[in-house]
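Here is the structure we will look at, set down as structure tokens.
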Amino acid sequence: MSESQTPILELRAVSRRRGGRPAVREVSLAVRRGEVLGLLGVNGAGKSTTLSMMVGALAPDTGSVWLDGLDLAEHPQALRSRVGWLPERAPLYDELTVIEQLDAAASLHGLRAGARRAAREPVLERLQLGDLRQRLVGHLSQGQRQRVGLACALIHAPALLVLDEPCNGLDPVQVVAWRRLVAEFAAEDRAVIVSTHVLAEVAASCNRVAILHQGTLRHDARIGADVAALEQRFFTIATQTESA
Amino acid sequence: MSIARLQARRLFASALPWVLAALSLAWLAWRFLLAMDQFLQAQDKLAALPDAPGFTDLVTVPLLAQVAELGIVLAPLIGMSMLAGERRAGTLPLLFAAGIAPWRIVVGKFLVAWGWLLALLLVVVSMPLLAAWGVAPDWGKLAAAVLGVALFLGVLAAIALAASACVSHPALAAAIALAVSVGLWALNAGVRANGVTGGLLNYLAASSHLQALLKGWIGSVDVAYFVLLTALALALASQRLGADRVRC
């Protein structure tokens, strides 16, 4: 995988409070094209808040988020074509059909009518959604909804794909297909960020791991062959208490 | 436009706007037929009067006034889910993540809500125009009345959207919008009942500005009142929506 020097995404000391307590504290992180970064942490570590700030859904209290060299606070429109995001629960409109949902996602990301039509078919084929195109989203199973959500995140061919617990609700066959899709995506000189609390998922699909715990970044390194050492490291961090 | 297109698609995919449109049009058509009947029966008496009111005064304008009153109920029902429903379904962050500014989201949705109400108004206006084919209506008075009702419907749509931006439950949004709209409408009658006329509260009431336009008087003060009120409600909705990114 090729890696250019300019980060597609950079967090500069971002902090964010939620519900009156600090959810993310002074996190700095840079992601380059070709990287598949696994954002690992136990429940409540601050992964979803960090991801929401990365994609502009939440504004950081302090610090800044840079996308392709642009400060998101000053250039929120930079998100439009560059980022695809799939939150933990795929946010879909139940009253629309799959094809209408995809059309809407493409339109929101700035694709014009011709480009929308051209982008639709490859994504439907890639995610095996062709048979479901006329089905109402509200009638889909959890796994199917997840795939439609992923299709919406991919429709505008973003440079950065941000996925929050993407394997939730997928069967083992779909998980393997999903890993292949992430690898293909990163091979196209794009970047992927995957948030999960499952270490095996990170080891299987990512080439770099960042471990968050109690809102702070505790570990950031490439994933080597020694997965057992990473597991030990994660366990050590995850069992640390606030005072430690 | 992408927000408006998405909102329109969602709105017309649900049963509510169709049911509301059908019930409203049935009710207004019935009212129109009653007004027509009364107008035709009074023809002989009207012909004897020197400055008798015409078809526009007796049929069209009262019908338009009923559209305005019906709008007080319809606008909250149409607008209640537009932002509150998105917040409840967790789809609002997706719009932010597409780099769409809160004011664009609000304006896109407002255009759909207002557009739906205007479409209803258009159908209602066509009833007396088609029925009175060959009779020249008072075009000036008709234009002023249509303008007034259209502007008033814009205010109602903006209030519905502002209420929808403030809460997460559509039914609560509808109740808030209904209360504000009724208050704005009934304010004038309330203060008049207490013997106050020409005061600030009379001025703030939407009904007093609409009455002038329904009489055919297009005043810049009345038009500005409706435009400012709409802008104020939309600004409130945008501000509240923007706060979601900061406060959540």
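In the order they appear, the protein sequences are chains A and B. Each residue of the first sequence is one higher than the one before, counting from 59 in the working numbering. Each residue of the second sequence is one higher than the one before, counting from 14 in the working numbering. C-beta: ideal position from N, C-alpha, C; glycine also.
Where residue i falls: helix, strand or coil (DSSP)
| i | result |
| --- | --- |
| residue 193 of chain A | coil |
| residue 59 of chain A | Confidence at residue 59 of chain A is low in this model, with a pLDDT of 44, below 50, so its placement is unreliable and no value can be given for it. |
| residue 96 of chain A | strand |
| residue 113 of chain B | coil |
| residue 302 of chain A | At residue 302 of chain A the pLDDT is 42, less than 50, meaning the model places this residue with poor confidence; the figure from the coordinates comes in the next sentence. Of the three classes helix, strand and coil, the one that applies to residue 302 of chain A here is coil, per DSSP. |
| residue 222 of chain B | helix |
| residue 65 of chain B | coil |
| residue 30 of chain B | helix |
| residue 231 of chain B | coil |
| residue 150 of chain B | coil |
| residue 71 of chain A | strand |
| residue 116 of chain A | coil |
| residue 91 of chain A | coil |
| residue 256 of chain A | coil |
| residue 84 of chain A | strand |
Within chain C, partners of residue i - CB distance below 7 Å
| i | result |
| --- | --- |
| residue 290 of chain A | The chain labelled as chain C is not found among the protein chains of the depicted structure, namely A and B. |
N-terminal and C-terminal residue of the alpha helix (DSSP H) that residue i is part of
| i | result |
| --- | --- |
| residue 76 of chain B | 74-102 |
| residue 108 of chain A | 105-112 |
| residue 289 of chain A | 285-296 |
| residue 248 of chain A | Counting along the chain, residue 248 of chain A falls outside any alpha helix (DSSP H), and DSSP gives it neither H nor E. |
| residue 215 of chain B | 213-217 |
Residue i, enclosing beta strand (DSSP E) - first and last residue
| i | result |
| --- | --- |
| residue 277 of chain A | 274-280 |
| residue 180 of chain B | Run containing residue 180 of chain B: none; DSSP gives neither H nor E here. |
| residue 160 of chain A | That residue, residue 160 of chain A, is in no beta strand (DSSP E); its alpha helix (DSSP H) goes 156-166. |
| residue 268 of chain A | 266-271 |
| residue 71 of chain B | Taken as a continuous stretch (DSSP letters only), residue 71 of chain B belongs to no beta strand (DSSP E), as it is neither H nor E. |
Residue i classed as buried or exposed, judged by whether at least 16 other C-beta atoms fall within 10 angstroms
| i | result |
| --- | --- |
| residue 53 of chain B | exposed |
| residue 64 of chain A | exposed |
| residue 301 of chain A | For residue 301 of chain A, the predicted structure reports a pLDDT of 47, less than 50, and the residue's modelled location is therefore unreliable. The matter cannot be settled from this model. |
| residue 61 of chain A | Note that residue 61 of chain A scores a pLDDT of 45, beneath 50, so its modelled location is shaky; the value from the coordinates is reported in the next line. By the neighbour-count rule (16 or more Cβ atoms within 10 Å), residue 61 of chain A is not buried but exposed. |
| residue 233 of chain B | exposed |
| residue 101 of chain A | exposed |
| residue 207 of chain B | exposed |
| residue 268 of chain A | buried |
| residue 50 of chain B | exposed |
| residue 288 of chain A | buried |
| residue 163 of chain A | buried |
| residue 178 of chain A | buried |
| residue 22 of chain B | buried |
| residue 280 of chain A | exposed |
| residue 119 of chain B | buried |
| residue 212 of chain B | exposed |
| residue 236 of chain A | buried |
| residue 72 of chain A | buried |
| residue 46 of chain B | exposed |
| residue 324 of chain B | Here chain B comprises residues numbered 14 to 261, so residue 324 of chain B is not present and cannot be evaluated. |
Heavy atom of the ligand ATP within 6 Å of residue i beta-carbon
| i | result |
| --- | --- |
| residue 97 of chain A | With respect to the ligand ATP, the structure shown offers nothing to examine, as it has no ligands at all. |
Next item on the list: List in chain order: all unbroken beta strand (DSSP E) runs of 3+ residues lying wholly within the stretch 118-149 of chain A.
Entry: DSSP runs (the beta strand (DSSP E)) wholly in the stretch 118-149 of chain A: 120-125, 141-144.
Margin query: If we require 3 or more residues per run, which beta strand (DSSP E) segments fall completely within the stretch 169-227 of chain A?
Written below: Within the stretch 169-227 of chain A, the complete beta strand (DSSP E) runs of at least 3 residues are 218-222.
Notebook entry, point to check: Are the stretch 242-251 of chain B and the stretch 112-132 of chain B touching by the rule of at least three beta carbon pairs closer than 8 Å?
Noted result: Flag = yes, the stretch 242-251 of chain B and the stretch 112-132 of chain B touch.
Notebook entry, point to check: When the Cβ atoms of the stretch 94-103 of chain B are set against those of the stretch 153-164 of chain A, are three or more pairs found closer than 8 Å?
Noted result: No, because fewer than three Cβ pairs between the stretch 94-103 of chain B and the stretch 153-164 of chain A fall closer than 8 Å, the two stretches do not touch.
Item checked: At least three beta-carbon pairs within less than 8 Å, the stretch 166-185 of chain B to the stretch 129-145 of chain B -> Between the stretch 166-185 of chain B and the stretch 129-145 of chain B, the count of C-beta pairs closer than 8 Å reaches three or more; the two stretches touch.
Note to self: So, does the stretch 113-127 of chain A touch the stretch 105-121 of chain B, judging by three or more C-beta pairs under 8 Å?
What the structure shows: They touch, by the three-pair rule.
Item checked: the stretch 201-218 of chain A contacting the stretch 131-143 of chain A, beta-carbon criterion three pairs below 8 Å -> The stretch 201-218 of chain A vs the stretch 131-143 of chain A: in contact.
Notebook entry, point to check: Taking three-plus beta-carbon pairs below 8 Å as touching, is the stretch 257-274 of chain A in contact with the stretch 85-103 of chain A?
Noted result: Because the criterion of three Cβ pairs below 8 Å is met, the stretch 257-274 of chain A and the stretch 85-103 of chain A touch.
Check: With contact counted as at least three CB pairs below 8 Å, one residue from each stretch, are the stretch 84-93 of chain A and the stretch 239-255 of chain A in contact?
Finding: Short answer: they touch.
Checklist line | Segment contact flag, the stretch 219-239 of chain B with the stretch 156-167 of chain B, C-beta cutoff 8 Å, min 3 pairs | finding: Taking one beta carbon from each stretch, the stretch 219-239 of chain B and the stretch 156-167 of chain B have 3 or more pairs nearer than 8 Å; the two touch.
Note to self: So, does the stretch 196-213 of chain A touch the stretch 119-137 of chain A, judging by three or more C-beta pairs under 8 Å?
What the structure shows: Because the criterion of three Cβ pairs below 8 Å is not met, the stretch 196-213 of chain A and the stretch 119-137 of chain A do not touch.
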